[in-house]
Every structure is written in structure tokens, then in C-alpha cells.
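The sequence shown begins at 714 in the working numbering and counts up by one. First comes the structure, then the notes that go with it.
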Amino acid sequence: MSASRHALGEYVGGARELPLLLYSTASSWPPKPSSAARRTDTTHIAVLDSSFNPPSHAHLALALAAPQPTAHLLLFSAKNADKGAGRVGDVRVERRLDLLVLLAHALEERLRAQGHEPHVAVALVKEPLMASKSTLLHDYLSEHGFARPSSTASTSAEPSARLHWLVGTDTLVRFFEPKYYGGEAELQRVARGFFDEERTTFICARRPQSDSQADRDEEEQMLRRPLIAPRVESGDVSVVDVKEAQGISSTAVRDLLKGKADETRGEELRKLVPDNIAEYLEQHAGDDLWIAEGEQ
């Protein structure tokens, strides 16, 4: 049994509710301010929460879209709100966890190349809904000496931590979908806790320019929805162009791997995913990589 499969089984079957850290650049994550004079500084954490099915250059580009955060977190949920544990033909969950660590290494390499000291972690969480994940992350951070953002700096000797979720438009729409909360009133209550109390933000990647005009118009209409527009206006939701992510999708990676293997596949694969992930995918491109019928 792989280490990832063992960790997944222990966590999902256990009583622990807080996120489980599977990997971090250093033993202490996230880093705290280095001096007593800066102990009340805010630690900004860029959170990339995705199905990573599998990770691609698009995920890496989105992880780098946050404006100079203190740390990065690659977060995987064992239960997706829509997809459960996965579908036939998806990458096996334990393989995705292996790939997430490789994505963390690729992210560290890019950050160093940009002159930044990397502080990257990979974590597993049980909750499917983002607001619940956010609260659990703050519970985890509180256990590790970080005050919640709503704490008044003058009354706390601990640094605070803010979460900045890196998302695509589909994820943004799902967050503001009342059906996941049992109605609009509960959604509004959850949103107040998420944005106003925890001071969380969304950094949302625009649709690729290659998408149709109709898709882009739909995106603009989405940002003007009554539940979303006020958060855009307040800065709680910002929309950015992530050019490196354009034209790349996990679906394209899966289709390439499931197609006929030839001498060009490795080159094409490296256009879609970092080199270390390409090597892993090529090594495990057989049936062992995919969820089979009856395994969901």
C-alpha cells in the first residue's frame, strides 16, 4: 500500500476533523513572523482547492496568481460536493495525492526562480463545501499559534492568518449556489462568516480568451448576479487573467494519456503538465492510474 493510500484511509476512516498536512516545505508551516516586532503581522495564505484530476500547468499558474502571499496551500477534499470520491476514468485519489506533492515541488521551484522563499503545503480535508473547509483551516491554524483574522491586533500577541482562495468561475458559482446551503438565507449567513468575519477573499481566474464570446458574456453576467456583484464591488472577489492557464485542462491531460501512446506523447504531455508530473503520469499510465468500474 502506498503512503498516500495509507494516509488517506487512516484520515477518512478516523475521527479527526481538522485538515491533515501531508507535505510542507519546512517542518513548520505556515511560517510565523521572524521577529517580536512583527508578531502582529498578518500571514496571507493562497489556497488552491481543486480535484487535481490530474494537476496541470493551469493549476500551477493559478497557484502563482495570488499577489505575493506568505505561504501556499494545495488542498484536496476526499469528498467533492458534486462528484463524491470520483468517477470511472478519473485519476485514482491516492495517485492525485502523490501528484499534489509533485505539484508542490514544481511550485517551490517556480517561486525560487522568481526570487521568493517558498512555503508550500499539501493538505487533505473531509468537508466538501469551501466555507466549512475555511473554518476548519482556521481551526488548524489556531492550534498552531495563529489568531483568527477578526481578532483585534492590539489584544492578541499572536499573528493572524488570512486565506485567499484561488478559484475558477465554476467554483465561484458553486460557492454562491443556495442549493448547497438549504436556501439563500443560510448562504447569506455563511458568506458573512466567510468574507466579513474570517476576512477571506476569492481570486478568480477569468475564462480563457479562446472561449467563445457567449462564454465570456456568460461570465460577465455571472459576476453581476445579485449574490456575487456586491462581493466583487467590495474587493472580496477579484477577477484576474491567468494567461499560462489558457487552453490547458485536466480533461485534455486525461484524454492524451488514454489515447494511443507514440513518440510524440511525452512532448505533448509536457506542454500540459510540469516535467515531474509528466514523468509520474507516464510511469503509471496503465490501468493503475484510473478509477475502474465499481471502485467509485
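Heads up, the beta-carbon is just placed ideally off N, CA and C, and yes, glycines get one too.
- For Asp803, the CB contacts under 6 Å within the same chain, skipping 5 residues up- and downstream, are Asn766 and Ile1004 in chain order.
- Assigned with DSSP and collapsed to three states, Ala784 falls in strand.
- Cα atoms of Tyr993 and Glu897: separation of roughly 43 Å, rounded to the nearest angstrom.
- Going by DSSP, Gly881 is part of the beta strand (DSSP E) stretching over Ser873 to Gly881.
- In this structure, the straight-line span from the alpha carbon of Ala834 to that of Lys745 is close to 14 Å.
- Assignment of His832 by DSSP, reduced to helix, strand and coil, places it in the coil class.
- Residues of the same chain with a CB within less than 7 Å of the CB of Val886, apart from the 5 flanking positions on each side, are Met935 in chain order.
- Under the DSSP assignment, Ala759 falls in the beta strand (DSSP E) whose first and last residues are Thr755 to Asp762.
- Counting C-beta pairs closer than 8 Å gives fewer than three between the region 768-780 and the region 841-855, which falls short of the contact rule.
- With contacts defined as CB atoms closer than 8 Å, Leu812 and Ile990 qualify as a contacting pair.
- For Thr913, no alpha helix (DSSP H) segment is defined, and its DSSP state is neither H nor E.
- Leu788 is the residue among Leu788, Leu970 and Pro841 whose C-alpha sits nearest the C-alpha of Leu816.
- As for any beta strand (DSSP E) of minimum length 3 sitting wholly inside the region 714-747, the runs are 733-737, ordered along the chain.
- When secondary structure is reduced to three states using DSSP, Leu777 falls in the coil class, being assigned neither helix nor strand.
- When secondary structure is reduced to three states using DSSP, Phe859 falls in the coil class, being assigned neither helix nor strand.
- Nearest to Ser790 by alpha-carbon distance, out of Leu900, Gln996 and Arg809, is Arg809.
- Pairing Ala739 with Thr756 gives a Cβ-Cβ distance that is not under 8 Å.
- Val903 is positioned such that its CB atom lies closer than 8 Å to that of Ala844.
- Relative to the Cα of Ser769, the nearest Cα in the group Asp928, Leu837, Ala779 and Val814 belongs to Val814.
- Under the three-state reduction of DSSP, Ala918 is assigned to strand.
- Distance from the Cα of Val760 is smallest, within the candidate group Leu733, Thr882, His877 and Phe859, for His877.
- In the three-state DSSP reduction, Val804 falls in the strand class (E or B).
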